[in-house]
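Peer 1: Following this message is one structure expressed as structure tokens.
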DNA sequence: AATATTGATTAGAATTATTCTAATCTATTG
DNA sequence: CAATAGATTAGAATAATTCTAATCAATATT
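Residue numbers (my numbering), protein chains in the order written: chain R, 704 to 846; chain X, 704 to 846.
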């Protein structure tokens, strides 16, 4: 029973960013990065926890948070905070921005090229730009 | 003792947006909009509560949240969410964007003109743009 | 003018989101 | 192969925010 073969790519991915490929992290990485049908995901901690439970993975919510933050710190994910109690983790780590549908709470990628920022201000002395976030907040029109 | 004279401008301001000028709301509006020394404030609910307490205003934290959201809904404030547990209310409601100092948690206005967004993508059908938020995240360089 | 009625407002209690830390696990060393 | 050290996990604690029953205030009624 070669049970770690299907995970070898993920194992490598985790190791390459300095994270031990533990049972929990592997299971979560699988859900995040190898979800069937497309891979650009915007997922909350709670959602990922539900998916894990549904997939019979025994993992606590605290570990979900730990892992999501570790993955984010390692550059495997990007965190997008849209409103006070609502934080998404984005598996798309390329340079891009977001539409946020305020009514439904849904988030959607905008390819980086479609938002052109010209004339960024100079960052204050002693600082450098870590990231620029653009969120275009949308309302459903009665239409 | 004409004790409501000093508040008349605030009373008007609240009434004009359809909010009753209650004791709590008046006190909070005073702290927010008539703070001594400059008026562009980025304040959290907790901070405002502390200021109110220091100013001997009896008001609960729940009411702070209620009021901040009501003021925001009425267009007197703007909410800026910078990270998961950190939400600021901005007294500057003109079109502008923000620097966020990740190390200190401080927020700073960038005048609207200094960030030029050219070529915004077309909003998806059935939606209209409510607002565009640009947050430039900064790190302190060792320097 | 006093009281009743209705809806707005407040704040204690409850909930939700997130973090902390002690216990557990894993890798390495002797 | 046990001991040690450090990483990882998850239950418990905390922090942030919201809910809802009680309170307050405005208007209507007498």
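Backbone N, C-alpha and C define an ideal beta-carbon position, used for all residues, glycine too.
Could you pull the DSSP bridge partners for residue 784/R from this structure?
Peer 2: For residue 784/R, which the question treats as bridged, DSSP gives the partners 790/R.
Peer 1: Would residue 839/X and residue 835/R qualify as a contact pair, given that the criterion is a beta-carbon distance under 7 Å?
Peer 2: Contact: yes.
Peer 1: Please report the straight-line C-alpha distance between residue 740/X and residue 823/R, rounded to a whole angstrom.
Peer 2: Approximately 29 Å between the Cα atoms of the pair.
Peer 1: At a CB-CB cut-off below 7 Å, which residues of chain X make contact with residue 781/R?
Peer 2: Neighbours of residue 781/R on chain X: none; closest Cβ ~12 Å, over 7 Å.
Peer 1: Under the DSSP definition of a beta bridge, which residues are partnered with residue 768/X?
Peer 2: Looking at the DSSP assignment, residue 768/X forms no beta bridge with any residue, so it has no partner.
Peer 1: Measure from the C-beta of residue 819/R to each C-beta in chain X and report whether the shortest distance is under 7 Å.
Peer 2: Chain X, which has a Cβ nearer than 7 Å to the Cβ of residue 819/R, makes this yes.
Peer 1: Using the Cα positions of residue 828/X and residue 722/R, report the straight-line distance between them to the nearest angstrom.
Peer 2: For residue 828/X and residue 722/R, the distance between alpha carbons rounds to 42 Å.
Peer 1: Evaluate contact between the segment 802-818 of chain X and the segment 760-770 of chain X, counting only Cβ atoms and requiring at least three cross-stretch pairs below 8 Å.
Peer 2: The segment 802-818 of chain X vs the segment 760-770 of chain X: no contact.
Peer 1: Run through chain R and tell me which residues come within less than 7 Å of residue 746/X, C-beta to C-beta.
Peer 2: By Cβ distance, chain R contributes nothing, its closest Cβ being about 14 Å from residue 746/X, past 7 Å.
Peer 1: How far does the alpha helix (DSSP H) with residue 723/X in it reach, from first residue to last?
Peer 2: Note, residue 723/X: premise wrong, no alpha helix (DSSP H); not H, not E.
Peer 1: Between which two residues does the beta strand (DSSP E) containing residue 821/X stretch?
Peer 2: Where residue 821/X is concerned, the enclosing beta strand (DSSP E) stretches over 819-821.
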